[in-house]
């Protein structure tokens with residue numbers, strides 16, 4: 001379960017404008033990292049350009065799953081992950097990031113902004129935090145299911161003993 005990229009874009013009339021992004025390409029070979037990162041930028045832009053405002057969608061691209069959310073004001077977020085990453089967690093992350101970004105960066109700067117000019121530094125932290133959070137969420141679900149199964153078995157055995165005695 002891996003989260004590779006979080007990007008924030010502005011959907012203009014003709015094209016998408018990348019405002020800020022964070023990447024985790026550490027699982028790729030050293031010489032492939034730049035190419036993978038460029039692929040993620042390109043894919044994010046294309047998905048935002050082809051998705052309507054006010055829409056959430058998940059798009060499969062090769063072995064990746066791209067989750068996109070475009071607000072009515074044109075602010076868009078894209079999360080690129082593997083297929084195991086929980087969709088609900090990805091969209092929760094997008095909501096949180098876009099809300100925070102829209103409070104910190106003026107919407108007048110969105111059409112002309114770039115990663116170098118936009119002052120928003122939280123994406124790397126979110127990338128690391130939600131990398132761990134998804135794993136913890138699954139661990140909690142697994143442990144809860146495991147304890148329910150154990151409790152059910154113990155309950156069944158104790159009920160059986162009551163019936164016998």
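In the UniProt record's numbering, the protein residues as written are 1 to 165. Ideal Cβ positions, reconstructed from N, Cα and C, are used throughout, including at glycine. Nothing here was measured: the structure is a model prediction, and the numbers come from that model.
TODO: Going by CA-CA distance only, name the one from 112, 102 and 90 that's closest to residue 2.
DONE: 90
- [ ] Could you name the residues of the same chain whose beta carbon sits closer than 6 Å to that of residue 80, not counting the 5 residues immediately before and after it, in chain order?
- [x] 4, 5, 40, 64 and 66
TODO: Quickly, what does DSSP pair residue 70 with across the bridge? List them, please.
DONE: 55 and 76
- [ ] With a cut-off of 8 Å on the beta carbons, I'd call residue 48 and residue 9 a contact; round off their distance for me.
- [x] 5 Å
- [ ] Could you round the C-beta distance between residue 68 and residue 87 to whole angstroms and report it? I think they count as a contact, below 8 Å.
- [x] Actually they are not in contact, since the Cβ atoms of residue 68 and residue 87 sit about 12 Å apart, beyond 8 Å.
Open item on the list: Is the beta carbon of residue 11 closer than 8 Å to that of residue 70?
Closed with: yes
Task: Inter-residue spacing [alpha-carbon to alpha-carbon] between residue 25 and residue 34 - done: 9 Å
Open item on the list: Counting C-beta neighbours from all protein chains within 10 Å, is the total for residue 125 16 or more, i.e. buried, or is it exposed?
Closed with: exposed
Task: Contiguous beta strand (DSSP E) assignments of at least 3 residues, all confined to the UniProt domain "Longin" (8 to 127) - done: 16 to 23, 55 to 61, 64 to 70 and 75 to 81
Open item on the list: If I measure Cβ to Cβ from residue 107 and keep anything under 8 Å in the same chain, skipping five residues before and after, which residues do I get?
Closed with: 73 and 75
TODO: Just the C-alpha distance for residue 115 and residue 22, rounded to the nearest angstrom, thanks.
DONE: 10 Å
TODO: Use the C-beta contact count for residue 117: other C-beta atoms within 10 angstroms, 16 or more gives buried, fewer gives exposed.
DONE: exposed
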